[in-house]
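In this note's numbering, the protein residues as written are 10 to 594.
Beta carbons: idealized from backbone N, C-alpha and C, even for Gly.
None of the values given here were measured: they were computed from a predicted structure.
A quick write-up on the structure given underneath.
Put into structure tokens, the structure is as follows:
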């Protein structure tokens with residue numbers, strides 16, 4: 010980074026930090042500020058929808074260390090218009106701070122990530138690397154379209170609202186007992202939609218509790234959040250929920266049979282408190298907050314908890330607090346489950362898959378092929394995807410996103426792909442490919458073409474920071490949706506993989522957000538509400554004319570080798586008639 014720009018950024022950052030520290034609400038009583046901010050989030054989510062209060066959530070996470078501090082100060086009054094206005098102003102500024110912090114992290118760590126302009130008392134920040142806004146767009150697009158698909162058959166919301174209408178809050182009635190299994194069903198659907206790669210009954214030890222125990226507690230709290238969210242709609246009674254820990258521990262033991270000592274350890278990793286602040290664990294990993302006084306209550310924002318990715322968040326907390334536990338107990342389990350998940354998505358559309366394929370018999374230094382996908386192409390031969398899979402825990406903020414650049418993370422996949430490309434072009438590589446093809450042979454031809462593509466599949470990254478690389482990158486949620494829509498149409502899959510960046514860039518919408526920082530006017534570019542980008546619906550395996558087209562190709566005397574007049578790169582020809590293999594360039 011240019012030294013002049015670096016100094017400008019550092020000076021700007023110091024001014025930003027000073028303005029954050031000087032916010033009026035930072036001098037309020039921590040617990041009263043926590044209450045007011047929590048109520049404002051819930052009221053906003055209730056009235057405008059959860060997407061419209063994203064800025065409150067971002068600001069909330071920045072100010073959370075003060076909220077849970079237990080510090081004394083002026084008591085905020087939730088009924089005071091002046092206090093409400095001041096808190097909203099401070100949350101808005103903290104939301105700007107959150108976004109500028111993201112862009113500073115990118116700028117310090119990735120050359121050419123952002124464009125900064127400092128002129129005439131105005132600071133402007135724009136995306137320079139197109140992969141950054143594309144990542145934001147892709148994640149949001151996946152979430153919305155994935156949610157629509159996942160919940161397409163859930164139609165119990167109106168019934169739950171009817172059952173809770175005029176019911177007393179928190180009292181077990183016949184209507185509540187009728188509503189409870191419906192709420193549980195929604196909770197289970199949500200859990201399945203989350204980053205749920207670890208088996209629900211997994212006994213891996215997370216240092217004092219098992220994953221199964223954590224998931225049971227999380228499900229119980231998710232049901233509680235959903236109940237309060239429905240209750241708010243049914244009776245216009247929106248608000249945060251304040252839970253004494255002793256009551257919560259008693260409820261967990263009574264409902265789940267998990268003792269208080271174990272439950273305390275689970276809650277410790279789920280609740281943001283002063284210890285989390287001292288340990289520098291980012292508040293964005295938490296939905297629950299704890300009041301700062303001794304025996305402070307646990308504060309739940311039901312609308313927030315109901316959509317927070319709690320499974321990812323607890324994994325991030327464990328990885329930071331107990332990295333050895335994460336590496337020994339969690340990392341391999343997630344990695345193996347991730348391979349199984351991606352493999353099953355390809356297999357569901359009729360592709361042949363081999364996972365964790367070792368190449369050590371050819372060269373001990375070669376990496377394994379995480380997933381080899383084979384498509385039987387009736388008029389060509391075979392098409393192969395050589396897939397590298399990388400499954401870091403999905404990120405919450407910039408510091409997490411930048412970890413893909415670590416030498417053992419997504420960046421490593423590109424180096425592994427280059428090694429595999431070189432190997433496949435050798436005689437050993439061609440023999441290996443020939444061995445991996447279906448043993449029964451091709452359905453129509455003894456000589457045929459094998460096309461090869463390399464693909465990197467990740468848990469979240471859609472190519473962010475890797476715009477200069479040639480190998481395509483796709484995250485598993487985008488891939489799963491693409492495969493579902495493809496009907497096994499390989500041409501459609503290849504087309505989408507090739508053109509997705511262009512279409513995403515055309516679809517995403519950005520705007521300049523402005524705020525005042527002392528005498529400075531600051532404007533930064535952000536991805537805003539954009540049209541959804543769905544893939545076209547394929548019709549290939551289900552096409553009634555498909556077999557007739559294949560039969561006509563064979564009957565007319567056409568042959569896969571006809572494509573060799575315009576031979577693409579990475580093409581392998583396998584001709585069993587001639588007793589040998591030909592390797593492509």
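Backbone CA spacing between residue i and residue j [nearest angstrom]
{"i": "residue 590", "j": "residue 472", "result": "For residue 590, the pLDDT reaches just 42, beneath the cut-off of 50, and the residue's location in the model is therefore unreliable, although a value from the coordinates is still provided. Those two C-alpha atoms are separated by around 35 Å."}
{"i": "residue 430", "j": "residue 392", "result": "15 Å"}
{"i": "residue 7", "j": "residue 148", "result": "Because the chain here runs from 10 to 594, residue 7 falls outside it and cannot be looked at."}
{"i": "residue 113", "j": "residue 408", "result": "10 Å"}
{"i": "residue 588", "j": "residue 370", "result": "The predicted position of residue 588 is uncertain, since its pLDDT is 41 and thus under 50; no value can be drawn from it."}
{"i": "residue 66", "j": "residue 522", "result": "17 Å"}
{"i": "residue 584", "j": "residue 433", "result": "Residue placement at residue 584 is flagged as unreliable, the pLDDT there being 45, under the threshold of 50; a coordinate-derived value is accordingly withheld."}
{"i": "residue 140", "j": "residue 455", "result": "44 Å"}
{"i": "residue 418", "j": "residue 366", "result": "20 Å"}
{"i": "residue 6", "j": "residue 96", "result": "No information on residue 6 is available, as it lies outside the stretch 10 to 594 that the chain covers here."}
{"i": "residue 303", "j": "residue 319", "result": "26 Å"}
{"i": "residue 111", "j": "residue 22", "result": "12 Å"}
{"i": "residue 356", "j": "residue 561", "result": "28 Å"}
{"i": "residue 594", "j": "residue 461", "result": "Because residue 594 sits at a pLDDT of 33, beneath the cut-off of 50, its placement in the model cannot be relied upon, and the point is left open."}
{"i": "residue 301", "j": "residue 487", "result": "41 Å"}
{"i": "residue 503", "j": "residue 549", "result": "14 Å"}
{"i": "residue 19", "j": "residue 528", "result": "17 Å"}
{"i": "residue 478", "j": "residue 10", "result": "21 Å"}
{"i": "residue 536", "j": "residue 202", "result": "24 Å"}
{"i": "residue 586", "j": "residue 425", "result": "For residue 586, the pLDDT reaches just 42, beneath the cut-off of 50, and the residue's location in the model is therefore unreliable, leaving the point undetermined."}
{"i": "residue 592", "j": "residue 435", "result": "Residue confidence is low: residue 592 scores 38 on pLDDT, short of 50, so the model does not pin down where it sits. No coordinate-derived value is stated."}
{"i": "residue 252", "j": "residue 306", "result": "5 Å"}
{"i": "residue 330", "j": "residue 500", "result": "46 Å"}
{"i": "residue 13", "j": "residue 126", "result": "12 Å"}
{"i": "residue 179", "j": "residue 313", "result": "19 Å"}
{"i": "residue 142", "j": "residue 405", "result": "15 Å"}
Best match in the options for proximity to residue i [C-alpha to C-alpha]
{"i": "residue 322", "options": "227, 284 and 170", "result": "227"}
{"i": "residue 192", "options": "165, 174 and 205", "result": "165"}
{"i": "residue 518", "options": "150, 186 and 326", "result": "150"}
{"i": "residue 237", "options": "52, 493 and 95", "result": "52"}
{"i": "residue 233", "options": "288, 297, 388 and 428", "result": "297"}
{"i": "residue 163", "options": "11, 178 and 196", "result": "196"}
{"i": "residue 383", "options": "416, 339, 458 and 312", "result": "458"}
{"i": "residue 310", "options": "551, 270, 381 and 250", "result": "250"}
{"i": "residue 199", "options": "213, 152 and 221", "result": "152"}
{"i": "residue 403", "options": "188, 31, 159 and 145", "result": "145"}
{"i": "residue 533", "options": "118, 427, 229 and 107", "result": "107"}
{"i": "residue 526", "options": "336, 109 and 83", "result": "109"}
{"i": "residue 41", "options": "117, 240, 120 and 72", "result": "72"}
{"i": "residue 491", "options": "449, 446 and 545", "result": "545"}
{"i": "residue 520", "options": "538, 44 and 509", "result": "538"}
{"i": "residue 15", "options": "266, 543, 118 and 220", "result": "118"}
{"i": "residue 31", "options": "266, 75 and 45", "result": "75"}
For residue i: DSSP bridge partner residues
{"i": "residue 326", "result": "Residue 326 pairs with nothing; no bridge assigned."}
{"i": "residue 530", "result": "131 and 525"}
{"i": "residue 520", "result": "535"}
{"i": "residue 386", "result": "390"}
{"i": "residue 126", "result": "133"}
{"i": "residue 214", "result": "219"}
{"i": "residue 364", "result": "380"}
{"i": "residue 426", "result": "Answer is none; residue 426 lacks a bridge partner."}
{"i": "residue 415", "result": "In the DSSP output, where bridge partners are listed per residue, residue 415 has none listed."}
{"i": "residue 309", "result": "250"}
{"i": "residue 436", "result": "Residue 436 is not bridged to any residue."}
beta-carbon residue i near the ligand HEM non-hydrogen atom, thresh 7 Å
{"i": "residue 86", "result": "This structure lacks the ligand HEM; in fact it carries no ligand of any kind."}
Contained beta strand (DSSP E) runs [length at least 3] in the stretch 139-210, N- to C-terminal order: none
Kindly confirm or deny that the stretch 554-563 and the stretch 118-135 touch, where touching means at least three C-beta pairs closer than 8 Å. Cβ pair count under 8 Å is below three, so no.
Contact the stretch 278-288 vs the stretch 20-35: 3+ CB pairs below 8 Å: no
Start-end ranges of the beta strand (DSSP E) lying completely within the stretch 219-298, minimum 3 residues: 250-252
Enumerated in chain order, which unbroken segments of the beta strand (DSSP E) with a length of 3 residues or greater are wholly contained in the stretch 38-121? none
Contact between the stretch 399-406 and the stretch 463-479: three or more CB pairs below 8 Å? Verdict: yes, contact present.
Can at least three beta-carbon pairs, one atom from the stretch 204-220 and one from the stretch 173-184, be found at a separation below 8 Å? no
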